[in-house]
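Under the UniProt record's numbering, read the sequence shown as residues 1 to 584, first letter to last.
Report on one structure; see the data block that follows.
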Amino acid sequence: MSQKMKPGSSKGDVSYVRATGASPQLPMAPSPSLMRDGSHTPVSQMSNMDNDWDDRDEIRQRELEEARGRVSQMEKTMRWWSDCTANWREKWSKVRNERNKAREENRQLRAKLEQLVKECTILKREKQEIQAENVKIKKESPSGISENVKQDLENNMNKECKPAASEKYVEEKEINSQAANNVIQEDGTIAEEKATLFELKLDEAQKTLLAERGDKTSLMKTIEKLQMDLSAMKQKYEEAKRSKQDVLLEMTKLKEDHRGEIDRLIKDVDEEIGNKSMVDKKLNDVRKELERLQRENADEWGKRERLETEKLALERENKKCRAQIRDLEEQLENKKQQTSAVVDSDMRSLQQDLNDKSKELNDLRHIHTKLKKTFQEKQTDLDHARRRAEQYEMEVKKLRARVEELKKDLATAEDEADNQANLYRKVQRSNDELQEQIENLQVQLHHTQSRLKRSSQSGLTMTASLRSLDPTDPENNDSDEDEGLKRSSQSGLTMTASLRSLDPTDPENNDSDEDEGFRSVASCLKKIGWMTMDLQFCTIVYCLHTVEECRVISRAYSPPLDSPITPIPVDSTWGRPLNHFEAS
1 MSQKMKPGSS
11 KGDVSYVRAT
21 GASPQLPMAP
31 SPSLMRDGSH
41 TPVSQMSNMD
51 NDWDDRDEIR
61 QRELEEARGR
71 VSQMEKTMRW
81 WSDCTANWRE
91 KWSKVRNERN
101 KAREENRQLR
111 AKLEQLVKEC
121 TILKREKQEI
131 QAENVKIKKE
141 SPSGISENVK
151 QDLENNMNKE
161 CKPAASEKYV
171 EEKEINSQAA
181 NNVIQEDGTI
191 AEEKATLFEL
201 KLDEAQKTLL
211 AERGDKTSLM
221 KTIEKLQMDL
231 SAMKQKYEEA
241 KRSKQDVLLE
251 MTKLKEDHRG
261 EIDRLIKDVD
271 EEIGNKSMVD
281 KKLNDVRKEL
291 ERLQRENADE
301 WGKRERLETE
311 KLALERENKK
321 CRAQIRDLEE
331 QLENKKQQTS
341 AVVDSDMRSL
351 QQDLNDKSKE
361 LNDLRHIHTK
371 LKKTFQEKQT
381 DLDHARRRAE
391 QYEMEVKKLR
401 ARVEELKKDL
411 ATAEDEADNQ
421 ANLYRKVQRS
431 NDELQEQIEN
441 LQVQLHHTQS
451 RLKRSSQSGL
461 TMTASLRSLD
471 PTDPENNDSD
481 EDEGLKRSSQ
491 SGLTMTASLR
501 SLDPTDPENN
511 DSDEDEGFRS
521 VASCLKKIGW
531 MTMDLQFCTI
541 VYCLHTVEEC
551 RVISRAYSPP
561 LDSPITPIPV
571 DSTWGRPLNH
581 FEAS
């Protein structure tokens, strides 16, 4: 039975755990039958059980307290780590704020510096423009200007007046120069008039110059003020430069300090991460251990509940047994008045029953041990059978592979058998064709035999012709003819031997040898005197054994040159014609 967690408790909370690690296995409760037999054994066993339960409860309480202490220690470490992380976060936030403030100050100083640089450049440009205007005024001034004007111009050059008054003076001088040029170019009269006008204009110009001197003085004052402002701006610029350098130095120092602090913080963070990973590992281990303890606790709690139920059942049985014992005691007290023999017999019977029950218990234990042994043997047999089954599976796999190979071999053998069957069919066809040829030859031989029977009437003429060709006659016994006859007969005998050694049905051996045999027989018959012979007669003579047989046939069968040949009886086994004696 697995114990469920509380819905409100966290994963690390173990307050709901009721027991801890696995304890030694509890002894089994005694059977109710033994408890019914005697009154002294259950009480002692129950006392032992209570003592064991107390010891185990104490051990479990200690283990539970240790687990709670570990959990509290882990909670403290987690809180410490959370406080450390909060402190580090605060430090990081402070450092970030300081860094942002330094960046903003740096930006403001840079903006001020840029403004001062722009103002300095503007003042430099104005100064250069004023100097250029003064140079132009010096170049364009005429010779008729008074010394006061020159002194004023020199003073203006030295004091760096503004371009407004100088522009007015330049315009007047340009007008005067143009008027002077016009006067020179005109005629004398016109020149004099223009000279007077020019003098008037000069007087007016002097008046204007006198009026403008006040303006120049005011301008000089403004220029002095501007110079003072410029010097002050220069001082401010130098101070800004110095402050900028100081700020840059401070920034470099701050950057170095910040980098060092960042490196230190990174190292601390890495160490914290490593420690945190170690703590996480430890937490995971502790969680696994807690889960294992919870499982073991659930198992132990289930065992405890089972034992409690057994304990309650045993208590009920004890109560029943006590009630029975009380009844028995009452019966014994009632029966004490009876004879002691009856009591002794009852006690003996009870003792005998107790002994029988103990014997039965011992027998059951012995049977239990035997069953255990048989179970172990069956287990070993089962393992052996599994191993054999695995071996059989391996053998079956091998046999399947062998069957696959045999199937392939069978397919190849079937292909070869088909090829052999095709060859056999071809040979059978050729044999049938040869058999037909043999039958045709037999028919032809039958016709020759019938012709021989018909020609039996002309036997006398044949004997006469053969006697005329008898080799025993000294007149016809020539040595050359005998030698030729012997040679031809020997060649015929060799051909007949070769034909007898071969199967007449074989078509391969019945072409060239027959032609040679026919030729040898034809030459032999020519030497004997047969000039024109039929092909059938040549075959008959060719199949004979000896030359003497040829002579006998030639004596018995001597047809005329142009008469048809009568058939000779032929052996049906080899197609060989019968000799003269076999035919008779």
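Even glycine gets a Cβ: it sits at the ideal position worked out from N, Cα and C.
| message | Spatial neighbours of E390 within its chain, please: C-beta separation below 6 Å, excluding the five flanking residues on both sides. | response | Within the sequence shown, numbered from 1, the residue matching residue 390 stands at position 390. Nothing meets the Cβ criterion.
| field | Within 8 Å, strictly: CB atoms of T77 and V279 | value | By 1-based counting over the sequence shown, the position of residue 77 is 77. By 1-based counting over the sequence shown, the position of residue 279 is 279. Against a cut-off of 8 Å, the Cβ pair of V279 and T77 comes out as a contact.
| request: Under the assumption that K244 contacts L116 (Cβ atoms under 8 Å), give the Cβ distance between them as a whole number of angstroms. | output: Along the sequence shown, read from residue 1 onward, the residue named residue 244 stands at position 244. Along the sequence shown, read from residue 1 onward, the residue named residue 116 stands at position 116. Going by Cβ atoms, the distance from K244 to L116 rounds to 10 Å, so no, they are not a contact pair.
| task | Return helix, strand or coil for Q338, following the three-state DSSP convention. | result | In the sequence shown, residue 338 corresponds to position 338, counting from 1. If DSSP states are grouped into helix, strand and coil, Q338 belongs with coil.
| message | Let me confirm a value: Q294 is counted as buried when at least 16 other C-beta atoms fall within 10 Å, else exposed. Which label applies? | response | For the purposes of this step, residue 294 is taken as the residue at position 294 of the sequence shown. Buried: at least 16 other Cβ atoms inside 10 Å.
| Whole-angstrom distance between Q128 and R96, CA atom to CA atom | The sequence position of residue 96 within the sequence shown is 96, counting from 1. The sequence position of residue 128 within the sequence shown is 128, counting from 1. Each residue's Cα considered, the two are about 48 Å apart.
| Quick check: the stretch 61-79 against the stretch 201-217, are there 3 or more CB pairs under 8 Å? | Pairwise C-beta distances place the stretch 61-79 out of contact with the stretch 201-217, as fewer than three of them are shorter than 8 Å.
| field | Contacts around N440, its chain only, beta-carbon distance under 7 Å, and the 5 residues preceding and following it disregarded | value | Along the sequence shown, one-based indexing puts residue 440 at 440. For N440, there are no CB contacts under 7 Å within the same chain when 5 residues up- and downstream are skipped.
| query | I think E119 touches M251, with their Cβ atoms under 8 Å apart; what is that distance to the nearest whole Å? | reply | To locate residue 119, count along the sequence shown from 1; it is residue 119. To locate residue 251, count along the sequence shown from 1; it is residue 251. Not confirmed; about 24 Å, so no contact.
| request: Inspect the CB distances between the stretch 83-93 and the stretch 263-271 and report whether three or more fall short of 8 Å. | output: When Cβ pairs closer than 8 Å are counted between the two stretches, the stretch 83-93 is seen to touch the stretch 263-271, the count reaching three or more.
| request: Enumerate, from N- to C-terminal direction, the unbroken beta strand (DSSP E) stretches of 3 or more residues contained entirely within the stretch 339-378. | output: Those beta strand (DSSP E) runs which fall completely within the stretch 339-378 and span 3+ residues do not exist here.
| request: Measure from the alpha carbon of K255 to the alpha carbon of each residue in C84, A102, T412, then state which is nearest. | output: Here the question's residue 255 lines up with position 255 in the sequence shown. Taking K255 as reference, the option from C84, A102, T412 with the minimal CA-CA separation is A102.
| query | With residue 594 and K276 assumed to form a contact (beta carbons below 8 Å), what rounded beta-carbon distance in angstroms separates them? | reply | Since the first residue shown for the chain is 1 and the last is 584, residue 594 is missing from the structure and cannot be characterised.
| message | Suppose contacts are defined by Cβ-Cβ distances below 8 Å. Is L230 in contact with L123 by that definition? | response | If you number the sequence shown from 1, residue 230 lands on position 230. If you number the sequence shown from 1, residue 123 lands on position 123. For L230 and L123, yes; Cβs fall inside 8 Å.
| Buried or exposed by the 16-neighbour rule on C-beta atoms within 10 Å, applied to L445 | For the purposes of this step, residue 445 is taken as the residue at position 445 of the sequence shown. When all chains shown are included, L445 counts as buried.
| Neighbour-count burial assignment, R304, 16 or more Cβ in a 10 Å radius | Counting from 1 along the sequence shown, the entry for residue 304 is found at position 304. Classification of R304: buried, given that the 10 Å Cβ count is 16 or more.
| said: To the nearest angstrom, how far is the alpha carbon of H384 from that of K407? | reply: To locate residue 384, count along the sequence shown from 1; it is residue 384. To locate residue 407, count along the sequence shown from 1; it is residue 407. Taking the straight line joining both Cα atoms gives about 34 Å.
| request: Counting only the same chain and skipping the five closest in sequence on each side, list residues whose C-beta sits under 6 Å from that of I273. | output: Taking the first residue of the sequence shown as position 1, residue 273 is located at position 273. Counting only Cβ-Cβ distances below 6 Å, and skipping sequence neighbours, we find nothing.
| message | Taking a contact to mean a Cβ-Cβ separation below 8 Å, would you say R107 touches H258 in this structure? | response | Start at 1 with the first residue of the sequence shown, and residue 107 comes out as number 107. Start at 1 with the first residue of the sequence shown, and residue 258 comes out as number 258. Not a contact, by the Cβ cut-off of 8 Å.
| field | Span separating the alpha-carbon of K398 from that of S358 | value | Translated into the one-based positions of the sequence shown, residue 398 becomes position 398. Translated into the one-based positions of the sequence shown, residue 358 becomes position 358. Distance from the CA of K398 to the CA of S358, rounded to the nearest whole angstrom, comes to 59 Å.
| query | Rounded to a whole number of angstroms, what is the C-alpha to C-alpha distance between K282 and T380? | reply | As a working note, residue 282 is residue 282 in the sequence shown. As a working note, residue 380 is residue 380 in the sequence shown. Approximately 44 Å, taken between the alpha carbons.
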